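What follows is a set of notes on a single structure, which appears directly below.
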Amino acid sequence: MAAPAFVISPEDGQLRGAGMEGFYRDNVRVLARCKLLLAGREPLPLLGHRTSAELARFVAAAELPGGGPDPEVIVERHRSAACQERITVRSACERTLRLTLELHLGTDLADLGAIAVQAAGPPLAATVAGAGLRWTRGALRATVEAQPPPDTAFAATGILQWDWELRPGEARELTLGLRFDRAGNRGAETPAGEGPWAAGGAGGLRRPVDDWSAVRAESEDRRAAPLLTASLEDLAALQLRDADNPADRYLAAGVPWRCALAPAEALRAARMLLPLGTRLAAGTLRTLARRRADGRHRGVIPGTLRSTGPHRPPSDTGIEATLLFPVVLAEARRWGLPERETEALLPTAELCLRWILEAAGDEGFVPDPGPGAPHRCEVQAAAHRAAVLGAELLELNGSSAAAELSEWAGELRSRFADRFWTDDEAGGRPVPLALASGAPDGQQLTSSLAELLDTGLAAGGKQAPGLLTKAREERLVCLLRSPRLDSGWGLRTLAEGAPGYNPFGHRYGAVRLEDTATAIVGMAAHGYEEEAGGLLAEVLDASGAFEGRLPEMYAGERRAPRSVPVPHPAACRPSAVAAAAAVHLLLASAGVRPDVPGGTVDLRPWRTAPLGELRLRGLVVAEHPFSVRISRLGMGVVEEAANGLRLG
Numbered sequence: 016m017a018a019p020a021f022v023i024s025p026e027d028g029q030l031r032g033a034g035m036e037g038f039y040r041d042n043v044r045v046l047a048r049c050k051l052l053l054a055g056r057e058p059l060p061l062l063g064h065r066t067s068a069e070l071a072r073f074v075a076a077a078e079l080p081g082g083g084p085d086p087e088v089i090v091e092r093h094r095s096a097a098c099q100e101r102i103t104v105r106s107a108c109e110r111t112l113r114l115t116l117e118l119h120l121g122t123d124l125a126d127l128g129a130i131a132v133q134a135a136g137p138p139l140a141a142t143v144a145g146a147g148l149r150w151t152r153g154a155l156r157a158t159v160e161a162q163p164p165p166d167t168a169f170a171a172t173g174i175l176q177w178d179w180e181l182r183p184g185e186a187r188e189l190t191l192g193l194r195f196d197r198a199g200n201r202g203a204e205t206p207a208g209e210g211p212w213a214a215g216g217a218g219g220l221r222r223p224v225d226d227w228s229a230v231r232a233e234s235e236d237r238r239a240a241p242l243l244t245a246s247l248e249d250l251a252a253l254q255l256r257d258a259d260n261p262a263d264r265y266l267a268a269g270v271p272w273r274c275a276l277a278p279a280e281a282l283r284a285a286r287m288l289l290p291l292g293t294r295l296a297a298g299t300l301r302t303l304a305r306r307r308a309d310g311r312h313r314g315v316i317p318g319t320l321r322s323t324g325p326h327r328p329p330s331d332t333g334i335e336a337t338l339l340f341p342v343v344l345a346e347a348r349r350w351g352l353p354e355r356e357t358e359a360l361l362p363t364a365e366l367c368l369r370w371i372l373e374a375a376g377d378e379g380f381v382p383d384p385g386p387g388a389p390h391r392c393e394v395q396a397a398a399h400r401a402a403v404l405g406a407e408l409l410e411l412n413g414s415s416a417a418a419e420l421s422e423w424a425g426e427l428r429s430r431f432a433d434r435f436w437t438d439d440e441a442g443g444r445p446v447p448l449a450l451a452s453g454a455p456d457g458q459q460l461t462s463s464l465a466e467l468l469d470t471g472l473a474a475g476g477k478q479a480p481g482l483l484t485k486a487r488e489e490r491l492v493c494l495l496r497s498p499r500l501d502s503g504w505g506l507r508t509l510a511e512g513a514p515g516y517n518p519f520g521h522r523y524g525a526v527r528l529e530d531t532a533t534a535i536v537g538m539a540a541h542g543y544e545e546e547a548g549g550l551l552a553e554v555l556d557a558s559g560a561f562e563g564r565l566p567e568m569y570a571g572e573r574r575a576p577r578s579v580p581v582p583h584p585a586a587c588r589p590s591a592v593a594a595a596a597a598v599h600l601l602l603a604s605a606g607v608r609p610d611v612p613g614g615t616v617d618l619r620p621w622r623t624a625p626l627g628e629l630r631l632r633g634l635v636v637a638e639h640p641f642s643v644r645i646s647r648l649g650m651g652v653v654e655e656a657a658n659g660l661r662l663g
């Protein structure tokens with residue numbers, strides 16, 4: 016992938032137009048078929064794998080009449096997600112070969128949504144265009160150009176053909192470049208992407224890439240470094256520029272289904288990546304500030320409704336984003352976001368925070384998604400976190416809302432348990448959903464309760480106050496690690512055995528990495544490092560089954576000996592939140608707690624040292640490199656930091 020472009024390929028590299036196969040750009044399938052024949056036959060596939068987030072390599076052997084067991088002709092294809100492909104044919108034969116190479120090309124220029132419901136429509140007819148073929152549907156146009164040009168082009172059948180003579184030891188190479196444009200852009204054809212090879216002089220798509228190449232993890236746990244590298248590669252490839260201000264970047268939600276801006280997920284991912292610098296968070300915040308809704312909408316940040324299962328009403332991602340905006344800004348400031356950039360974003364943050372006070376009304380709880388709707392436990396936790404951290408922010412410009420927010424947060428702490436905690440002989444439990452009338456919603460336990468452990472980073476590098484007493488924190492940790500919620504691969508979004516439970520339900524039984532990561536970091540922050548380390552080990556085990564590219568969710572089936580986690584068919588993989596969560600988990604054990612406005616950075620590594628001896632390089636605090644080493648005994652040493660920072 017190279018957002019907003021990506022390719023879905025089978026392991027043999029042959030694109031036959033089956034299912035979702037093809038090159039995509041802006042959620043349109045630009046090329047569906049790209050099947051290679053050599054001497055009239057498909058080569059025998061030997062290897063297919065990703066070499067990076069953007070590139071894949073496929074190797075096959077040509078089966079020639081009279082050949083022996085050793086391959087005499089090798090076909091190698093290097094495919095770029097940014098819509099280019101390089102094909103190399105090498106001969107080890109002792110005689111000169113005359114071979115015909117054919118590429119069978121075609122497309123439907125179908126929308127991703129239509130493909131998902133098997134309503135893509137028939138293949139389009141091609142026309143010959145220069146050194147390749149062209150397809151048109153309405154305002155859409157796709158063109159394949161080849162270098163060197165084909166010897167023959169058959170538009171009716173969509174075939175480009177080369178007649179080659181290969182001497183012993185000789186290699187021949189051709190490159191395909193794919194262009195995609197819409198009506199209005201035809202005067203200056205817009206390339207579908209930029210790959211590592213020039214094709215017909217095609218111009219390149221200017222892609223934003225944050226420089227995380229200096230980020231390194233050296234750990235006794237051999238799973239850590241590959242997971243960090245793969246996650247950072249995916250995150251770099253998921254970056255998009257804001258059309259209104261190309262200097263600002265944010266993360267697309269994931270591939271293939273949501274290769275676009277999803278406000279809540281973009282904010283969540285940017286927040287988890289603050290240890291790598293504040294540029295991504297600042298770009299995301301500015302992008303959303305330009306898109307904020309007016310008072311006619313439910314929240315300041317527009318969002319969509321999200322299904323939470325057959326037995327619960329939908330949640331509102333706009334409310335989630337609205338509550339995250341001031342939190343991300345406040346924490347970015349702690350990590351070193353310059354004051355001038357913070358001040359420019361304060362008006363939008365204040366609108367979000369004032370919305371909390373308006374939405375809570377006389378009852379004092381934030382409903383979701385609107386008046387008369389149920390009250391969610393995790394929404395109260397997010398609103399409380401936003402109010403506490405937001406009050407610190409608003410004190411910068413002397414806003415009267417700062418005192419109101421602090422007062423409201425204090426009142427919420429005092430009455431939270433009346434609505435969202437039920438006592439029993441085992442020590443009680445939180446109530447995930449309370450009806451507007453005040454009636455609790457039964458026995459359903461969810462992984463979203465982990466939000467109660469995420470209180471946020473406050474002044475002095477401390478955790479902000481939360482809604483639970485110490486005893487209730489301990490009880491919540493026990494519930495999260497119970498077999499009903501803990502699958503052995505991470506936390507289920509709904510407890511096993513609850514009404515509507517489905518191990519593949521994306522919000523009612525599957526494992527979502529963002530919730531598990533929130534639980535792990537929250538447990539450790541509140542002193543439950545053993546429990547956090549157990550969950551972290553489960554995630555690291557799961558990462559091996561997914562070759563280091565963790566999906567946004569996978570089945571919540573109970574772990575058994577010699578089992579592996581089962582993929583979810585509709586999960587984005589890669590996913591911005593999942594990749595950011597993986598980075599977040601690997602960095603969190605170092606316990607870096609900055610307060611750049613206060614001129615300090617504290618180091619509180621996990622005493623359990625779950626990754627063994629660990630060295631992290633390439634972090635960023637106060638816009639300067641920051642490196643740290645953690646011993647097996649959980650002792651931390653800062654090796655590199657900005658001048659003037661006082662170390663705790």
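Numbering (this note's numbering), first residue to last: 16 to 663. Where a beta carbon is used, it is the ideal one built from N, C-alpha and C, also for glycine. Bear in mind the structure is a predicted one, so any value in this text is a computation, not a measurement.
- Where L411 is concerned, there is no enclosing beta strand (DSSP E), because DSSP gives it neither an H nor an E.
- Ranking W370, D377 and L495 by CA distance to the CA of L338 puts W370 first.
- According to DSSP, I102 shares a beta bridge with R92 and L189.
- A residue is called buried when at least 16 other Cβ atoms come within 10 angstroms of its Cβ; D383 meets this threshold and is buried.
- In the three-state reduction of the DSSP assignment, V342 falls in the helix class.
- Runs of the beta strand (DSSP E) spanning 3 or more residues and lying entirely within the stretch 577-611 occur at 607-610, in chain order.
- By DSSP's assignment, G269 forms a beta bridge with R273 and S590.
- In this structure, DSSP gives E419 a helical state, which the three-state scheme calls helix.
- For L366, the enclosing alpha helix (DSSP H) begins and ends at E354 to A375.
- According to the DSSP assignment, G563 belongs to no beta strand (DSSP E), since it is labelled neither H nor E.
- Taken atom to atom, the span from the alpha-carbon of G443 to that of D236 is near 37 Å.
- Within the same chain, and ignoring the five residues on either side of R72 in sequence, the residues whose Cβ sits closer than 6 Å to its Cβ are T66 and H93.
- Restricting attention to L472, P612, G613 and G606, the CA atom closest to the CA of S646 is found in G606.
- Excluding five sequence positions before and after G145, the CB atoms of its chain that fall closer than 7 Å to its own CB belong to E160, given in chain order.
- Taken through DSSP and simplified to helix, strand or coil, A262 comes out as strand.
- For C493, no beta strand (DSSP E) encloses it; the enclosing alpha helix (DSSP H) starts and ends at K485 to L495.
- Put simply, the stretch 552-568 does not touch the stretch 469-481. Fewer than three CB pairs are less than 8 Å apart.
- Going by DSSP, P640 is part of the beta strand (DSSP E) stretching over H639 to I645.
- The residue among A534, W350 and G324 with its C-alpha nearest the C-alpha of L289 is W350.
- In the DSSP annotation of this structure, the continuous segment of the beta strand (DSSP E) that includes S234 starts and ends at R231 to S234.
- In the same chain as S604, and ignoring 5 residues on each side of it, the C-beta atoms closer than 8 Å to its own belong to A539, L551, P620, W621, A624, P625, L626, L629 and I645, in chain order.
- The count of Cβ pairs closer than 8 Å, one atom from the stretch 268-275 and one from the stretch 325-338, stays below three, leaving the stretches out of contact.
- Measuring C-alpha to C-alpha distances from R355 to each of R301, G405 and W504 identifies R301 as the nearest.
- Between G318 and the set K50, A281, S246 and D257, the nearest pair of CA atoms involves A281.
- Between T508 and R499, the beta carbon gap of about 12 Å keeps them out of contact (Cβ cut-off 8 Å).
- Taken atom to atom, the span from the alpha-carbon of S429 to that of W423 is near 10 Å.
- Contact check between the stretch 32-50 and the stretch 122-129: three or more CB pairs, one atom from each, fall below 8 Å, which counts as touching.
- For T531, the enclosing alpha helix (DSSP H) stretches over residues L528 to A540.
- If you draw a 10 Å sphere on the C-beta of G476, you find 16 or more other C-beta atoms in it, and that means buried.
- DSSP, read as helix, strand or coil, puts M568 in strand.
- A Cβ-Cβ separation of about 7 Å places S106 in contact with G184 under the 8 Å criterion.
- V653 is bridged by DSSP to V643.
- Positions of the beta strand (DSSP E) runs, each at least 3 residues long and wholly inside the stretch 126-182, are given as 142-144, 147-152, 155-162, 167-169 and 174-181 in order along the chain.
- The straight-line gap separating the alpha-carbon atoms of R31 and R113 is approximately 26 Å.
- In the DSSP assignment, L46 falls within the unbroken beta strand (DSSP E) covering V43 to L46.
- Secondary structure of S463 (DSSP, three-state): helix.
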